[in-house]
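Q: Protein chains in written order, with the numbering used here: chain A, 7 to 71; chain B, 7 to 71; chain C, 7 to 71; chain D, 7 to 71; chain E, 3 to 263; chain F, 3 to 263; chain G, 3 to 263; chain H, 3 to 263. Every residue gets a Cβ at the ideal spot worked out from N, C-alpha and C, and that includes glycine. Below is one structure. I have some questions about it.
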């Protein structure tokens, strides 16, 4: 399955958003996940099935002025 | 005949643009005439017939920065 | 007896510095007295005899920047 | 004979100011000569006999602001 | 003698008593942020949103910000109104509240904002119930349009971001202060406490300081200094200090001199 | 985070922790003076000496100054070194302590000091164990002579007395600060807290403010504002804040932007 | 020694050797205009277009402008891009040539331009083969868009029109000068020859001065003064004058002193 | 329109029509000096006196100065009034005329003058029929003493010698200009034509420029630029240009707008 993650093309096997985030080994509390231009709350990550061509952004808040 | 001259409504009897300008007693060399949003050169003033509802602007160049 | 008090000539009858200050009706605590270019403390005012031609300054501290 | 020339001690054999300046090989037109704190004009250089202990300054005008 | 307890700054519906806004950028260590906030009492602080890079995955600036401090996410990185709007929406949905500092920049040399894209983003986000604080070039006509569009304040720059050059744009900022209904917050360029004090004396409603605090060798002390300077400037503004004069005015009396005559 | 407790200013042998010096001139009511002092914590205050005029005999400014505040009598009214010396000696003998602010002025329009008479008075009084603080035109050569003569500090003017025009003489004051061994106290002209903060950021050791406090409509609030600004400026100086830069420096990261690509 | 004869300023396709642009507004008598032009050698001058008012019907400013001076009609009075475009087209059809100074203003207090409407008018008129000179708030992002849209130059204001306050916007104008491909002409606010010289030294391509000339008591002398100042500033720019330094640099030699030793 | 032909500057009994004074220091080649003088028309130029050093014996700057240009020898190198007096007397006896620029400096970092030694030298030399032009720190009290002592003008510094920092001492120079009877010539620090123009606009009687001309890559062009700027500033001063205003003042008429209504 091919998706676009953070602006780059990627082939993955994860089936849900949660799988993807776990697989990326990220600190879940720090992650802001956008699935096809819509933010998904942490509780709902496991409900979101990933399909071919999806656009996913995994973001976090950082220092800025 | 009612026209709009320089932003104000006016009843006139002049039939051409030239008549109007002559009637207004203006220095013809100083006048820039716009007839229905189109500039008319001095030579053509007599050719322009004025109709009811026309929009006419009589302008001149003045000092400005 | 003629003295110079605060830059002005004055005829007085007071015999001591204390007399002079009392006679001028001044708040003694606020007065700084200079007798012939020397400051005299309040306790010593009564000891200072005034002579003809003496130069006396009665000063006080005021607001200043 | 020992003199002080331009702030430094010097032993010389020249007998006149002119001799000294010639001996120093200077462009005479550029020289301002002070002999014992007094300026001597070029015409008078040969008249000035140098004595032991004299203080001589050979100066010139330079660029300055 | 004390500053009026009711001297509250309202941004949208929220009131603030501290008029120093701070930022989280450029700190040598994020642990310094809560110490800095404690030192200066700032009640609002900016944060930025970025794609997670595996190489640097540990960052979550939010956990260094105490709960009583209001978050002000910025849209840094946006080059268009559209990108700014997207970032703003994500920040809000991610639970950062409804404040948003709009920052749309295409100039990478001076980081000067794009006023017209900033206006477009403001128009969109104000309608979505954001409390919109647009970072902007000080420009009265544009500021009036932002006000019209529902901005909660305008944030004119004093000088380019991070330049520490102070109130280079002072004449235009003064014009904004004298003509805007909504608050004017001077953002960017403030390098020293005296700059902050001056902005407040001029009548600015608040200042935002990040770089000058974060990059000093003692950010907590610097933050405290800025906080005091902001308060000092505000008090001077409220006390309507005397105007300057052409000639001198003696501060000691001009009579009663002790002289030899 | 707190400013170093040992950041003491020494004038002669006496140490001061508050770097705002104040004055007693021009207050609408003398009762405001102790309130003002309490508000700002100033530890030294100027007073003047005048001939008593029967019509106005009640004044004794000293009773409005708390015991813990050091008196700094000035020699205002003096037009020559001789007159200044006489006033200084009277003030000392009258129990005002050994501090003296030398002020010799012949220019009645701008009240600018006479540097050469000031130097002469300093030479005399320093030998008589006064702690001499000369008010002066900022002039490095003269300041070095004052230092040589035993002055405890130099007090260059920022701008004419009472003019509230701030640090007009900034370039020369900076030169003094960078080259003097004794403290530099900016006196006269400081009109706003931002001026005071700026002087301290530049490295001035203290500032003296009278007119701007006394003539504001709330002298206690103004004094507090100046006190905070002085502290803020001092802290910034101690924290060695970052220098200004020509270009911008981003305060948000320049990577990881969320964009449509 | 003479300034390079080829130091030509191009606006569109037309070259100019004199870098002082003038205006026809506010002269006490129109007869002064040709005298003023003769005194300063300005090769381009602004005029405005107004509805004829019977009461004041005699005005035709054009006859006071010599043929060798290029007309620059402005769009003053326009509050929108649409109105500016209309005025521009009339001016061109009336035989004033293809130069147009775009001026779109809604702020009647400071007469500050509306940058976004100015951009819209520029986009339209540049396509119609006007040589477009937009009067603008100094704003790099907007200036780049104007360049993109086909403007022949940008005309940032130094300070509000007629204020004589000089280069208040200096920092932003410097940024424009350093980053624009098209010429930068400083318009509005220039009050003294030194302001004009400074603008040229900074690298501005030209300046436009109207009020300061027209309202002086001797417009011809003032115009001459501005013209000389513009040339002086341009020459200094071309001669790349030395930079300023922190310390002094002796102008007389530091050796060979005549001294008592 | 032309500047009044009788606008003559008198220094002592000699009249000058060109108000730019120049210097001979720091030129890459002395051959540039007459070219520079020809380009700018300066009528007075400084020279210095030094002990001849065999290693560099060829210098005689005088032969590069045309006869119609008045020499102004300076006393550079003097650290005391006594040394300055000695140099002045030598210069006069050597045929350089009676003009003397007094320069007494002990500060080798900023080359700031010693005002009190300068006054002493002025007192002595004025009695010996020198036309004395003292270089000085701008200080009104001292300037008045110089005037009293017979100085033909005062020459306050704009900024440290050779620093090109312009009119840093502007506020004090303005005070001198408004209060002195003798001419005020701004010397030192003038780095750009705009600085020179500004000094003249303020009412200075002349300016002396050396470093900025001599160290530019084209001294003749630079000198010409300064000369034009000085004339421009003088003309503006004589034309009493309009004051600056807080708000804008339209330069185009505020009536008769062509609008859609």
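State yes or no: is the C-beta of residue 281 of chain G within less than 8 Å of the C-beta of residue 235 of chain G?
A: This structure cannot speak to residue 281 of chain G, because chain G is shown only from 3 to 263.
Q: At a CB-CB cut-off below 8 Å, which residues of chain E make contact with residue 161 of chain G?
A: The contacting residues are 173.
Q: Looking at the unbroken beta strand (DSSP E) that takes in residue 179 of chain G, where does it start and where does it end?
A: Note, residue 179 of chain G: premise wrong, no beta strand (DSSP E); alpha helix (DSSP H) at 172–181.
Q: Sort out for me which residues DSSP pairs residue 17 of chain A with in a bridge.
A: Partner(s): A:8.
Q: Sorted by chain position, which residues of the same chain lie with C-beta nearer than 7 Å to residue 108 of chain E's C-beta, five sequence neighbours on each side aside?
A: Excluding sequence neighbours, residue 108 of chain E sits near 81 and 116.
Q: Could you work out which residues of chain A lie near residue 254 of chain F, taking near to mean beta carbons separated by less than 7 Å?
A: Here the neighbours are 70 and 71.
Q: Mind listing which residues of the region 195–227 of chain H have their C-beta closer than 7 Å to chain G's C-betas, in chain order?
A: Cβ contacts with chain G come from 195, 196, 199, 200, 203, 212, 213, 214, 217, 218, 219, 220, 222, 223, 224, 226 and 227.
Q: Just to confirm, is the Cβ distance from residue 72 of chain H to residue 90 of chain H under 8 Å?
A: No, Cβ-Cβ distance for residue 72 of chain H and residue 90 of chain H is not below 8 Å.
Q: State the DSSP-derived secondary structure class of residue 76 of chain E, mapped to helix, strand or coil.
A: Three-state result, residue 76 of chain E: strand.
Q: Residues of the region 128–161 of chain F with a CB closer than 9 Å to any CB of chain H: list them in chain order, please.
A: Those would be 139, 140, 141, 142, 143, 144, 146, 147 and 161, in chain order.
Q: When the Cβ atoms of the region 218–230 of chain H are set against those of the region 25–45 of chain H, are three or more pairs found closer than 8 Å?
A: Cβ pair count under 8 Å is three or more, so yes.
Q: Output yes or no for whether 8 Å exceeds the beta carbon distance between residue 167 of chain G and residue 193 of chain G.
A: Yes, the Cβ-Cβ distance between residue 167 of chain G and residue 193 of chain G is below 8 Å.
Q: So the candidates are E:233, E:255 and E:163; which of them puts its Cα closest to the Cα of residue 106 of chain E?
A: Measuring from the Cα of residue 106 of chain E, the nearest candidate turns out to be E:163.
Q: With a threshold of 7 Å on Cβ separation, who are the neighbours of residue 125 of chain E within its own chain once the five nearest residues in sequence on each side are excluded?
A: Cβ within range, chain order: 151.
Q: Which stretch, first to last residue, makes up the alpha helix (DSSP H) that contains residue 88 of chain F?
A: Per DSSP, residue 88 of chain F belongs to the alpha helix (DSSP H) from 83–93.
Q: Could you pull out every unbroken alpha helix (DSSP H) segment of at least 4 residues lying fully inside the region 104–181 of chain E, listed in chain order?
A: Here the runs fully enclosed are 117–129, 142–151 and 172–181.
Q: Does any residue of chain F have a CB that is nearer than 8 Å to the CB of residue 124 of chain H?
A: Cβ-Cβ to chain F under 8 Å: no for residue 124 of chain H.
Q: Give the DSSP-derived three-state secondary structure of residue 44 of chain D in the structure shown.
A: Strand, per DSSP.
Q: Just the chain A side, please: which residues come within less than 8 Å of residue 32 of chain F by C-beta, in chain order?
A: None at all; the shortest Cβ gap to chain A is about 48 Å.
Q: Which residues of chain E have a Cβ atom closer than 7 Å to the Cβ of residue 177 of chain G, listed in chain order?
A: The answer, in chain order, is 112.
Q: Is the distance from the Cβ of residue 54 of chain B to the Cβ of residue 45 of chain B below 8 Å?
A: Cβ distance not < 8 Å, so residue 54 of chain B and residue 45 of chain B don't count as in contact.
Q: Can you tell me whether residue 97 of chain F is helix, strand or coil according to DSSP?
A: Note: residue 97 of chain F maps to helix in three-state DSSP.
Q: Can you check whether the CB of residue 140 of chain E is closer than 8 Å to the CB of residue 158 of chain E?
A: Their beta carbons are under 8 Å apart, which means residue 158 of chain E touches residue 140 of chain E by this criterion.
Q: Find the residues of chain H that neighbour residue 35 of chain D, judging by a C-beta separation of less than 7 Å, and give them in chain order.
A: Neighbours of residue 35 of chain D on chain H, chain order: 62.
Q: Based on Cα-Cα distance, which residue from D:71, D:28, D:67 and D:25 lies nearest to residue 53 of chain H?
A: The shortest C-alpha separation from residue 53 of chain H is found at D:67.
Q: Since residue 61 of chain F contacts residue 36 of chain C with CB under 8 Å, what's their CB separation in whole angstroms?
A: Going by Cβ atoms, the distance from residue 61 of chain F to residue 36 of chain C rounds to 7 Å, so yes, they are a contact pair.
Q: Tell me where the alpha helix (DSSP H) around residue 213 of chain G begins and ends.
A: Per DSSP, residue 213 of chain G belongs to the alpha helix (DSSP H) from 213–216.
Q: Since residue 260 of chain F meets chain A, which of its residues come closer than 9 Å, beta carbon to beta carbon?
A: By Cβ distance, chain A contributes 12, 13, 40, 63 and 65.
Q: List the residues of chain H whose Cβ lies closer than 8 Å to the Cβ of residue 117 of chain F, in chain order.
A: Per Cβ cutoff of 8 Å: 117, 118, 141, 143 and 144.
Q: In three-state DSSP terms, what is residue 208 of chain H?
A: Residue 208 of chain H: strand per DSSP, three-state reduction.
Q: Quick check: what's the CA-CA separation for residue 144 of chain H versus residue 261 of chain E?
A: Rounded to whole angstroms, residue 144 of chain H to residue 261 of chain E spans 22 Å at the Cα level.
Q: Since residue 189 of chain E is in the beta strand (DSSP E), which residue starts that stretch and which ends it?
A: Element bounds for residue 189 of chain E: 187–189.
Q: Quick check on residue 64 of chain H: does DSSP put it in helix, strand or coil?
A: Three-state result, residue 64 of chain H: helix.
Q: Where does residue 68 of chain B fall in DSSP's three states?
A: In this structure, residue 68 of chain B counts as strand in the three-state DSSP scheme.
Q: When you compare only the Cα positions, how much space is there between residue 48 of chain D and residue 146 of chain H?
A: The alpha-carbon atoms of residue 48 of chain D and residue 146 of chain H are separated by roughly 40 Å.
Q: Could you round the C-beta distance between residue 64 of chain H and residue 103 of chain H to whole angstroms and report it? I think they count as a contact, below 8 Å.
A: With a Cβ gap of about 16 Å, residue 64 of chain H and residue 103 of chain H do not count as contacting.
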